[in-house]
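Trainee: Have a look at the structure that comes next, please.
Number of protein chains: 4
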Amino acid sequence: MEMIMRAYSNDWVSNSMMYKHGVAKAPTGKVHTLSAEVQGVYNYTIGPYSNPVLEVEPGDTIIAETQDAFEGKIRSESDKPSKLLKVPFLNPQCGPIMVKGAQPGDTICIHIEKMVPRGDQPRGTCCMIPEFGGLTGTNLTATLNDPLPEIVRKIHVDEETVHWSDRVKLPYRPHIGTLSTSPEIDSINSLTPDSHGGNMDLPDMGPGTVTYLPVRVEGARVFIGDAHACQGDGEVCGVAVEYPTFTTFTVNVIKNYDIEWPRLEADDFIMAIGSTRPLEDACRIAYRELIYWLERDFGFERYDAYMMLSQCGKVRLGNFVDPKYTMGAAIPKKYIA
Amino acid sequence: MEMIMRAYSNDWVSNSMMYKHGVAKAPTGKVHTLSAEVQGVYNYTIGPYSNPVLEVEPGDTIIAETQDAFEGKIRSESDKPSKLLKVPFLNPQCGPIMVKGAQPGDTICIHIEKMVPRGDQPRGTCCMIPEFGGLTGTNLTATLNDPLPEIVRKIHVDEETVHWSDRVKLPYRPHIGTLSTSPEIDSINSLTPDSHGGNMDLPDMGPGTVTYLPVRVEGARVFIGDAHACQGDGEVCGVAVEYPTFTTFTVNVIKNYDIEWPRLEADDFIMAIGSTRPLEDACRIAYRELIYWLERDFGFERYDAYMMLSQCGKVRLGNFVDPKYTMGAAIPKKYIA
Amino acid sequence: MEMIMRAYSNDWVSNSMMYKHGVAKAPTGKVHTLSAEVQGVYNYTIGPYSNPVLEVEPGDTIIAETQDAFEGKIRSESDKPSKLLKVPFLNPQCGPIMVKGAQPGDTICIHIEKMVPRGDQPRGTCCMIPEFGGLTGTNLTATLNDPLPEIVRKIHVDEETVHWSDRVKLPYRPHIGTLSTSPEIDSINSLTPDSHGGNMDLPDMGPGTVTYLPVRVEGARVFIGDAHACQGDGEVCGVAVEYPTFTTFTVNVIKNYDIEWPRLEADDFIMAIGSTRPLEDACRIAYRELIYWLERDFGFERYDAYMMLSQCGKVRLGNFVDPKYTMGAAIPKKYIA
Amino acid sequence: MEMIMRAYSNDWVSNSMMYKHGVAKAPTGKVHTLSAEVQGVYNYTIGPYSNPVLEVEPGDTIIAETQDAFEGKIRSESDKPSKLLKVPFLNPQCGPIMVKGAQPGDTICIHIEKMVPRGDQPRGTCCMIPEFGGLTGTNLTATLNDPLPEIVRKIHVDEETVHWSDRVKLPYRPHIGTLSTSPEIDSINSLTPDSHGGNMDLPDMGPGTVTYLPVRVEGARVFIGDAHACQGDGEVCGVAVEYPTFTTFTVNVIKNYDIEWPRLEADDFIMAIGSTRPLEDACRIAYRELIYWLERDFGFERYDAYMMLSQCGKVRLGNFVDPKYTMGAAIPKKYIA
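In order, the protein sequence lines correspond to chains A, B, C and D.
With positions in the first sequence counted from 1, the corresponding number in this note's numbering is that position plus 5.
With positions in the second sequence counted from 1, the corresponding number in this note's numbering is that position plus 5.
With positions in the third sequence counted from 1, the corresponding number in this note's numbering is that position plus 5.
With positions in the fourth sequence counted from 1, the corresponding number in this note's numbering is that position plus 5.
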């Protein structure tokens, strides 16, 4: 088991499926700034009904000013989340960004290049929110127990270290918690992951990796937000080290290639991602999608892939605290070359 | 994400909790051979009702001749598992081994040192068994769909490589799928994991790690079996590369230290293990036990541990194919030193 | 156990909470016709973004021309559902109907009075749809098994009998499968139930009962559809006897009374309704909401209600086939008078 | 929905499958008394390893002196369950009773005729036990919340009424919570239901019904206990009105008829019973077994039965509080005659 979350490199990305199969064969070099001013109002629901904030070409790069998941409302350790936060106005998203030429049946590629912390220190926030998290009764796992106490932690975050406590310093391992295209006719709150992406909370979805999402509406409508300075598998208390960033990412489009669920590519592995409840069903989705992928693109016979993954598949638990839970199933590129 | 399962070292074990807190402060050097002859009939149920096959002292070492999970009945790729296997006579276990001085309220420690393949090549077996596995209807996730085909794979296994196919060679990463002490009055089939251990199918439970199990009956009654030459997270098709071994392990007893669920220690992490359905509940158990452990032995405050694991906890999916599913929740030793 | 689904009477409704606490103390007598022409395009997603088709006063009655769940596309037993149906364009809904004076924090009441079959015989449709239903792998409980065969049944339905087969005649026990108010900012496909109502598939939600739903947007935005001529608990194959109707219902508003989840009142019981996965969580929601209701409105102490329901609570399984599962928890009015 | 649990009649039993297909075509008239003295030590685990207390012929009747689930240890409302109860010594069972001629592959029939309360008043007990129940974190749905308070209710029970409180009187509707044959080699604690029966907590399993259980060892080894004076669907707080009884039941054997899961027959319905987690899987088992039953014994085609049950199947939730959850799926006899 790898105990410290590793950083991924951007070096391999020119050889990714994103550039092998995408419309753009390399970044265009054009950079769009999606500042808070350009964004205006952030989004709490992901769908086809909101107004576009940006239109880009495949290969273009965007620098987005992401808010933390609490939109900066939790400022001190004496704040009470239950007083400051109001469902469903949680987890503000940048976007929608329209990608020219993206049409239903295509796949969007998002290469996250860089995540730079912004805002005053201590800029990281963790907290325990009543009836939210993995080890407490919730609105869905409804119990009569008294809620856990509300506790806020403000954390110094820089590009090397997350200063958790005097005792514990964690490496800065940023990733995007929520990354989406739009559903066809539904609009899904930004706390929930599903087949369109959403709040997957996958620690791998950071700089140096490419995420693939299904296009279900003209222009794809990309949403991004919920940056985490680091996160453990499962995000057990329900909250990572939430913080505001400048996040730099490049988009691309693979035409006429449809996927049912999100996928991720890193330097040495590919991963399929499922989100639902109970957790075993998220795992079923992820592994089945990975098998379909091996069959379609890598020349494996279906049952051979099934039995092989039983020997070398790797699983990442995104979260088991959101309205739906997320799991990724992965295989080393070494075995599928 | 670490894509290739790493091998653990035995070097650190003299500094493990097993020897720090155990009755034996070092291996006694006494070695017991638990050959197939000594074992006689293997066990398919784990409880207090079977006859002991060996009695050992804390610090003693045992070399057990484990059978593969099918007791060697699947010999060729034309065999039909459904004709050769008969529930509940699956997953034969060595033991019970009585550990002198172990009493209810104590903890048993099992350091797995070495797993050497035995038997004729191809000695590894994988197969698809009707209504068994992660991506099929089963006896519990009951569906009306036709079962998947029965397919048998016989695999060449040596101490370096699992020869999966011409295309794919996997590293030899042995571990014990099933490791148990006895429940107090129940007897649980060897396919099912629970708080006594059992069929956890955790890829980390191999050479170079120490497993801790609760003692619930006089002498603990240790059972061991189900060696895997390698296994992916989740054991998705329901079967790893099953093979017969000589497995060498040393036992110890920590007196007056009670644990509710199994635990595992490696060179650079500690892990708590939960087994139940649905999978999110296994995850809840594992993380709660890990928090209790950090609180009891490492000086962490409960909610600080909860929020910290939300940033740096690591999850291993053992399996989601057995009658109960297994997950481990871990933290690097680096953070708890 | 009551084996034949009973019909409920409308006689008691003048004494329901709907008229005891609602703005209208009796029906206004005003009747609105929501014909297919007035409706125009039916809705497949339930949210705040669609155009209202009707505006009514509390106490007004609506006669809605509901379509069957397949919008009439399945016409003969030789049709293939997989060719005629296209996700997410399933389960067409009438509405949204704006209810004057309804504001967030209020509760909408819907008294279903009558459901009259319409259209040519055989007007009822049941079918087996690939990867949909309770006893098959699905898109969420993802398996590799071949799907079940596609089978269509066309069924003669009149106001007395559902002519299932020569052997089996079932009583006509109509109910509305999908009944909703709008979420605040999300838009949820009409196949999914949640706290706003949606596709609950509760056999009790028919003539003679009152459903209570939370108001989350101005005017409530009521949606209705998915009539079933009869349905078993759980809707196990995924499809009831789907048919088009004239459905007559009256709406009302309880001001300043907020509910988190849907509720239902009949002549002799009250029921709270939960929808999520896994099914035990739907059951937890339903029972907790029922306890909160007994506490708030009927003078019971919380834990007394909890223990009492352990002796006399009744559970109705709506469905375990939709993207979320629905359960109702009920108590006889006799015990809470 | 039937809101008050109905009483079943014994009149129809001479026409049941028990006497139609059983070895005994009518009761033998021989009555065995299984008093506390004859029983000696009660059993907390159900398996092949305990000593038989009685041997009977098919058609014989037994009057068993059942203990309440707490073995009478909770005597007053000031008692603390957590101090008096010790896992796994809960839910004491009478038996094992050996049934002559019963062999693996046969089915045991148990007709419960009468349940008479015994012991001093108030002889009924309900309580809230820390980390046990449907609306609380538990040892499996592990949370960090403080446990609910311990509350004990002592209840006057007679053959007409359960005197819950001054406000609420419930009808006496006795049933057996735990009814089992022995697994083949496992021994399962009496709190857990599974395919051998066990702690199913089905309100229908009372006087006037016949339960069918699989025979997996010579003599079947029947265990019985856990009488409830009444119980709601789901047994939501984890405890029914537990009480000691004289329970009268008659056993029979159907030779060469094997069942995988328990079944129940009443005057007007048949029911198949599944027990596992999550709850939807218990429902899947129950409905699949019912379909198999309709196919094997009642001449229905498989998919016709599947679609028909989608229109007229009835579900009873036994419990969602035990280590495994129980659901029954039923169909009226009227439709299968």
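We put the beta carbon where it would ideally sit given N, CA and C, even for glycine.
Given D:Asn194, which residues of its chain have a CB within under 7 Å of its CB, disregarding the five upstream and five downstream residues?
Mentor: Tyr49, Thr50, Pro93
Trainee: With 8 Å as the threshold, decide whether the Cβ of B:Pro328 is near any Cβ in chain A.
Mentor: Not flagged as an interface residue toward chain A: B:Pro328, since no C-beta distance is shorter than 8 Å.
Trainee: Report yes or no: is there a C-beta of chain C within less than 8 Å of the C-beta of D:Val162?
Mentor: Output row for D:Val162: interface = no.
Trainee: So is A:Pro212 buried or exposed if we call it buried at 16+ other beta carbons inside 10 Å?
Mentor: buried
Trainee: Under DSSP, the beta strand (DSSP E) around D:Arg128 begins and ends at which residues?
Mentor: No beta strand (DSSP E) holds D:Arg128; DSSP gives it neither H nor E.
Trainee: Taking 8 Å as the cut-off, decide whether the C-beta atoms of D:Glu240 and D:Asn324 are in contact.
Mentor: The criterion of a C-beta distance shorter than 8 Å is satisfied by D:Glu240 and D:Asn324.
Trainee: Determine, using beta carbons only, whether C:Glu240 comes closer than 8 Å to chain D.
Mentor: yes
Trainee: Shortest alpha-carbon distance to A:Ile102 belongs to which of A:Leu95, A:Cys114, A:Cys242?
Mentor: A:Cys114
Trainee: Taking the alpha carbon of D:Thr143 as the reference point, which residue from B:Pro328, B:Ile290, B:Met332, B:Asp327 has its own alpha carbon closest?
Mentor: B:Ile290
Trainee: Beta-carbon within less than 6 Å of C:Leu184's beta-carbon, same chain only, minus the 5 sequence neighbours each way: which residues are those?
Mentor: Gly202, Thr216, Ile229
Trainee: Suppose contacts are defined by Cβ-Cβ distances below 8 Å. Is D:Gly243 in contact with D:Val326 by that definition?
Mentor: yes
Trainee: Determine, using beta carbons only, whether D:Gln44 comes closer than 8 Å to chain C.
Mentor: no
Trainee: For D:Gly34, count neighbouring Cβ atoms within 10 angstroms of its own Cβ and tell me buried if that reaches 16, exposed if not.
Mentor: With fewer than 16 other Cβ atoms within 10 Å, it is exposed.
Trainee: Taking the CB atoms as reference points, tell me whether A:Val173 and A:Arg128 lie closer together than 8 Å.
Mentor: no
Trainee: Using 10 angstroms around the beta-carbon of C:Asn20, count the other beta-carbons present and answer buried if the total reaches 16, otherwise exposed.
Mentor: Flag for C:Asn20 reads exposed.
Trainee: With a threshold of 16 other CB atoms inside 10 Å of the CB of A:Glu42, please say whether the residue is buried or exposed.
Mentor: exposed
Trainee: Assuming A:Ile363 and A:Pro219 form a contact by the criterion Cβ under 8 Å, report the distance between their Cβ atoms to the nearest whole angstrom.
Mentor: There is no way to answer for residue 363 of chain A, as the model of chain A reaches only from 6 to 342.
Trainee: List the residues of chain C whose Cβ lies closer than 7 Å to the Cβ of A:Glu189, in chain order.
Mentor: Pro93
Trainee: Need the endpoints of the beta strand (DSSP E) that B:Met23 sits in, please.
Mentor: Unbroken run through B:Met23 is the alpha helix (DSSP H), 22 to 26; no beta strand (DSSP E).
Trainee: Answer yes or no: does any C-beta atom of chain A fall closer than 8 Å to that of D:Asp111?
Mentor: no
Trainee: Determine whether the beta carbon atoms of A:Thr66 and A:Pro32 lie at a separation below 8 Å.
Mentor: yes
Trainee: What does a CB cutoff of less than 7 Å around A:Tyr54 pick up in its chain, not counting 5 residues either side in sequence?
Mentor: Taking A:Tyr54 as the centre and dropping the five residues before and after it, the same chain places the C-beta of Ser192 closer than 7 Å to its C-beta, in chain order.
Trainee: With H, G and I counted as helix, E and B as strand and the rest as coil, what does DSSP make of B:Val18?
Mentor: Residue state, collapsed to three classes: helix.
Trainee: Which whole runs of the alpha helix (DSSP H) in the segment 165 to 233 of chain D are 4 residues long or more, in chain order?
Mentor: none
Trainee: Going by DSSP in three states, A:Cys242 sits in which element: helix, strand or coil?
Mentor: Three-state result, A:Cys242: coil.
Trainee: Please decide whether A:Ser315 counts as near chain E, where near means a Cβ-Cβ distance under 8 Å.
Mentor: Chain labels in this structure do not include chain E; the protein chains are A, B, C and D.
Trainee: Beta carbon of C:Lys335, beta carbon of D:Met120: below 8 Å?
Mentor: In the sequence as displayed, the identity of residue 335 of chain C is Ala instead of Lys. Contact flag unset, no.
Trainee: Report the three-state DSSP secondary structure of C:Lys339 (helix, strand or coil).
Mentor: helix
Trainee: Listing by chain order, which chain D residues have their CB less than 9 Å from the CB of B:Asn204?
Mentor: By Cβ distance, chain D contributes nothing, its closest Cβ being about 13 Å from B:Asn204, past 9 Å.
Trainee: Check the Cβ of D:Trp266 against every Cβ in chain C and list those closer than 9 Å, keeping chain order.
Mentor: Those within 9 Å of D:Trp266 in chain C number zero; the least Cβ separation is about 14 Å.
Trainee: Consider the Cβ of D:Thr148: report whether some Cβ of chain A lies at a distance smaller than 8 Å.
Mentor: yes
Trainee: Between which residues of its own chain and A:Lys30 is the CB-CB distance below 7 Å, once the five residues before and five after are set aside?
Mentor: Tyr24
Trainee: What is the residue span of the alpha helix (DSSP H) that A:Met313 lies within?
Mentor: Segment 307 to 317, the alpha helix (DSSP H) holding A:Met313.
Trainee: Is it the case that the Cβ atoms of A:Thr253 and A:Glu118 are separated by a distance below 8 Å?
Mentor: In this structure, A:Glu118 lies closer than 8 Å to A:Thr253 by Cβ.
Trainee: Give me the residue from B:Gly138, B:His26, B:Val18 with the minimum Cα distance to B:Asp302.
Mentor: B:His26
Trainee: Just grab the DSSP bridge partners of C:Arg321 for me.
Mentor: DSSP links C:Arg321 through a beta bridge to C:Gly333.
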